[in-house]
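The next block holds one structure in the form of structure tokens; read it before the comments.
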Amino acid sequence: MIELTDVHKSFGSKHVLRGVDLSIPKGTSMVIIGGSGTGKSVTLKCVLGLVRPDSGQITVDGNDVNTGDRDAFLARFGMLFQGGALFDSLPVWQNVAFRLLRGALKRPKAEAREIAIEKLRRVGLTPETADLFPAELSGGMQKRVGLARAIAAEPEIIFFDEPTTGLDPIMAGVINELIREIVTEMGATAMTITHDMSSVRAIADNVAMLHDGVIKWTGPVSRLDDSGDPYLDQFIHGRAEGPIEAVR
Ligand SMILES: Nc1ncnc2c1ncn2[C@@H]1O[C@H](COP(=O)(O)OP(=O)(O)OP(=O)(O)O)[C@@H](O)[C@H]1O
Ligand SMILES: [Mg+2]
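At the far end of the sequence shown sits residue 442, using the numbering used here, and the numbering has no gaps.
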């Protein structure tokens, strides 16, 4: 479904992606792990066409992401941004139903609101939350509103950038289960970035570790503990000592 081939991206003199190869089969859940600043979010943005790679190829369903009808392309995606990226001036329900209120996916307002409330419920938020503004929510609640927005239009492909960061352990468990459900029940293809190892084990079919601009290791989640890869081992056990230098 998603295929990255030798993707490179620099910002100024900083060569962030140095030949990323990654393949995500349809209906599977890929989790990307890796140190802070290694280019995980940049990789997601490249697939969405929000950041343009310097070289390499990215295809979704066989089509190059940087050609063709952008609106039709983006209509297939849901995305939870790392920083939430909610619209401050819109109440929660209009944030969640954002795409259902305009463009190709437009629905009547009452229906869009109903869907928003249902999605809020799925992420553990009450209907009363619907009429609040983002500034009136806690950080974890904002995260969940972002998640509700990502799933609102029932996308085929869904990207989650740090879905459980800032959530309490129980809510993180709820969100992990929800992501797993979206993949198994809706048949969606998912790509998730996380630092939360319990999240990796709960939601991944496959795992890829980004380090030094390349996918250092990739394989099924069942191989995580016996990969024999010293970089992966250091990362998943959070050891200060090892091949990965703590100061970058
Ligand atoms: N638009 C941009 N302009 C300039 N530099 C950028 C831009 N976006 C990302 N970078 C740089 O690219 C590198 C990778 O950033 P990215 O956000 O992908 O990291 P990350 O792996 O998601 O890290 P974290 O785990 O902390 O979220 C960083 O050094 C960052 O400063
Ligand atoms: Mg990031």
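Positions of the beta carbon are idealized from the N, C-alpha and C atoms, including for glycine. As the structure is a computational prediction, the values presented were derived from the model and not from experiment.
- Between I311 and A298, the CB-CB gap reaches or exceeds 8 Å.
- Secondary structure at V415: helix, using DSSP grouped into helix, strand and coil.
- In the structure shown, A291 falls within a coil segment according to DSSP collapsed to helix, strand and coil.
- In this structure, I387 has its beta carbon less than 7 Å from a heavy atom of ligand 2.
- For K313, the enclosing alpha helix (DSSP H) covers residues 303 to 316.
- The C-alpha of G221 lies about 33 Å from the C-alpha of L331.
- Comparing alpha-carbon positions, the option among Q251, M385, A440 lying closest to I351 turns out to be M385.
- Excluding its 5 nearest sequence neighbours in each direction, D399 has C-beta neighbours in its own chain below 6 Å: T222, S223, listed in chain order.
- The three-state reading of DSSP puts Q251 in strand, counting E and B together.
- Close to ligand 1, as judged by a C-beta nearer than 5 Å to any of its heavy atoms, are the residues F205, V210, S230, G231, T232, G233, K234, S235, V236, in chain order.
- Of P285, H389, N289, the smallest CA-CA separation from G432 is found for H389.
- D406 and T412 have their C-alpha atoms spaced approximately 14 Å apart.
- Judged by DSSP secondary structure, D390 falls outside any beta strand (DSSP E); it is assigned neither H nor E.
- Residue side-chain check: D390 keeps its Cβ at 7 Å or more from all non-hydrogen atoms of ligand 2.
- The Cβ-Cβ distance between G233 and L280 does not fall below 8 Å.
- For N260, there is no enclosing beta strand (DSSP E), since its DSSP letter is neither H nor E.
- For F354, the secondary structure class from DSSP, reduced to helix, strand or coil, is strand.
- When C-alpha distances from F267 are compared across V241, E356, L274, R316, the shortest belongs to V241.
- Each residue's CA atom was taken as its position, placing L295 and W287 some 11 Å apart.
- In the DSSP assignment, L426 falls within the alpha helix (DSSP H) that extends over 424 to 431.
- Within the stretch 320 to 384, the complete alpha helix (DSSP H) segments at least 4 residues long are 333 to 346, 363 to 380, listed from N- to C-terminus.
- For L198, the enclosing beta strand (DSSP E) starts and ends at 196 to 205.
- In the assembly as shown, T237 is a buried residue. Its beta-carbon has 16 or more other beta-carbons within 10 Å.
- DSSP places D215 in the strand class (E or B) of the three-state scheme.
- For G272, the secondary structure class from DSSP, reduced to helix, strand or coil, is strand.
- Around the beta carbon of L244, a 10 Å sphere encloses fewer than 16 other beta carbons of the protein chains shown; the residue is thus reported as exposed.
- Across the structure, K300 and R293 are spaced so that their CA atoms are roughly 7 Å apart.
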